[in-house]
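Everything below concerns the one structure shown next.
There are 2 protein chains.
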Amino acid sequence: MIPVKKSSLKDLVYQQIKLMISNKDLLPGDKVNRKQLAQLLGVSQTPVQDAIVRLIQEGLFEDKKSNGIYVRVFTNKDMQDIFALRAGIEGIALRLCISKGCEEIEDLFKLFDSFTVPMTDSEEIARYQKIDRMFHEQIITRSGNELMKNFVKDFSFILRCYHKGLLRHPNETLPEHLAIIQAAREKNPEKAQNLLIAHHMASYERLSDL
Amino acid sequence: MIPVKKSSLKDLVYQQIKLMISNKDLLPGDKVNRKQLAQLLGVSQTPVQDAIVRLIQEGLFEDKKSNGIYVRVFTNKDMQDIFALRAGIEGIALRLCISKGCEEIEDLFKLFDSFTVPMTDSEEIARYQKIDRMFHEQIITRSGNELMKNFVKDFSFILRCYHKGLLRHPNETLPEHLAIIQAAREKNPEKAQNLLIAHHMASYERLSDL
DNA sequence: ATAAAAAATTTTGTATACATAATAAAGAAA
DNA sequence: TTTCTTTATTATGTATACAAAATTTTTTAT
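Protein sequences, first through last, are from chains A and B. Residue numbers for the first sequence follow our numbering, so the first one is 2 and each next one is one higher. Residue numbers for the second sequence follow our numbering, so the first one is 2 and each next one is one higher.
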């Protein structure tokens, strides 16, 4: 028997609220109102309460105790913190990928073959960005560390919602990607890890300038 | 005015349940019963429900959807995943500490001066263990990355509850700690980071043997 | 006695009610 | 007007009610 998980209201409400966040219907600093949300979504306050608790735990909402619940405002420092955290996690993930000799990752690497610097065509840059994102996601996924996936999922959402545009031009990042890939092909986990971390930390530093 | 945060019932219940977990009143695999917990704690089911949602989000409970909620069973693989994740996070934290030239960390390092290998006295080993734990905690704390603190707090709790005994003898780990400290004193972030990661990954490997 | 069916109980998801605390609004005094 | 008090409104935390699904127990038939 296949366990069909007919999602419950509370799960739907949770997802719906996250959608409201990514759609900017709920903005950082907004007060979160249980009753109002319940009416808006056409459900009772109970599943909304559940969703709110989850979102607080996830860091998307902030509980100002007696003062109400608010959509969390992420400062520049907060975004930097996320970048650093991701650097550390993705670094170890890549190390694990290489250490366990995961060959299938080669197909990921190949995706970068078709690019060269300098990159000027905006359509090509868009394509590059997509592959860039996929590359980093897949490192986590293929590490085989389930826990990591969950952790990263949460703050990937935050980055997706609150971080507009790219920080560094492909001309700068492509060579870094290629160097990482080469270290991986050489089966040098530590080198690859260090390069990946350096890659992220360069973005981290750039974030200080904003 | 000092904002006195008279903790609400739901927070107390949450903490109380975590205590039940660390006290082994709630064991992995146990079914979690809302009504029963509410009666036990002498509150209504509402704050218990809140706490349960938080604990699911935190990974301590598992929602088997239509099948009920259970105290999560952490497999050996799960514990390994946690170790790897911690390695990555602590590594980047140490790098940040050194990069920002945080001098106060020196007082932490000094705590190791009084130890030498071989270590045989069980009381000394106990003292070492305490300092060991503190060392790793403080790296996170002093990195100045708030997000990290919260992430690590959650899985530190898991390690504390479900991981008994130490994996490797001080005779093996002290030299590693000293090497890490030396790299830090040399203000070499990458080297220190690599050594710290290697230190954790050695424990990670050891965990495979169990 | 064993298997199948039916009935009873428990559990979980959801809704609603309500008191206390917090905020906003209105009115009174300076 | 401005400030202070009082009153009204709303929001949050908590309790309770209840239906549908799941589990357990009991009953019935073989």
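Positions of the beta carbon are idealized from the N, C-alpha and C atoms, including for glycine.
{"Query": "Contact set between the stretch 144-168 of chain A and chain B, restricted to residues whose Cβ is under 9 Å from the partner", "Result": "SER144, GLY145, ASN146, GLU147, LEU148, MET149, ASN151, PHE152, PHE156"}
{"Query": "Positions along the stretch 84-114 of chain B whose CB lies within less than 7 Å of some CB in chain A", "Result": "ALA85, LEU86, ALA88, GLY89, ILE90, GLY92, ILE93, LEU97"}
{"Query": "Helix, strand or coil at B:ASP31 according to DSSP, with G and I counted as helix", "Result": "coil"}
{"Query": "Contact set between B:VAL54 and chain A, taken where Cβ atoms lie within less than 7 Å", "Result": "ASP51, VAL54, ARG55"}
{"Query": "Residues near B:CYS98 by beta carbon distance below 7 Å, same chain, minus five either side", "Result": "ILE106, ILE140, ARG143, SER144"}
{"Query": "Cβ of B:ILE198 within 8 Å of any chain A Cβ", "Result": "yes"}
{"Query": "Sequence-distant residues of the same chain with beta carbon closer than 8 Å to B:GLY30, five excluded per side", "Result": "TYR71, VAL72, VAL74"}
{"Query": "Under 7 Å (Cβ pairs) to chain A, residues found in the stretch 181-192 of chain B", "Result": "GLU191"}
{"Query": "Straight-line Cα distance separating B:ILE93 from B:ILE181", "Result": "13 Å"}
{"Query": "CB contact check: B:ASP82 to chain A, cutoff 8 Å", "Result": "yes"}
{"Query": "Collapsed DSSP secondary structure at A:VAL153 in the structure displayed", "Result": "helix"}
{"Query": "Residue from B:GLN50, B:SER45, B:PRO176, B:GLY60 with nearest C-alpha to B:VAL153", "Result": "B:GLY60"}
{"Query": "Partners in chain A for B:GLN58, counting only beta-carbon separations shorter than 7 Å", "Result": "ARG55, GLN58, GLU59"}
{"Query": "For B:MET135, the nearest candidate out of B:VAL118, B:GLU147, B:LYS111 (CA to CA)", "Result": "B:LYS111"}
{"Query": "Which listed residue (A:THR121, A:ASP51, A:HIS170) has its alpha carbon closest to that of B:GLN46", "Result": "A:ASP51"}
{"Query": "Cβ-Cβ distance between B:VAL44 and B:LEU95 below 8 Å", "Result": "no"}
{"Query": "A:ILE83 to B:LEU86 span [Cα, whole Å]", "Result": "15 Å"}
{"Query": "C-beta neighbour in chain B for A:ASN172, strict 8 Å", "Result": "no"}
{"Query": "Residue range of the alpha helix (DSSP H) that includes A:VAL49", "Result": "46-59"}
{"Query": "Any C-beta of chain A under 8 Å from that of B:ASP79", "Result": "yes"}
{"Query": "Cβ shell of B:LEU167 (< 8 Å), same chain only, five flanking positions each side left out", "Result": "GLN130"}
{"Query": "Cβ of A:ASN195 within 8 Å of any chain B Cβ", "Result": "yes"}
{"Query": "B:VAL72, enclosing beta strand (DSSP E) - first and last residue", "Result": "70-72"}
{"Query": "Where B:GLU187 sits in the DSSP three-state scheme", "Result": "coil"}
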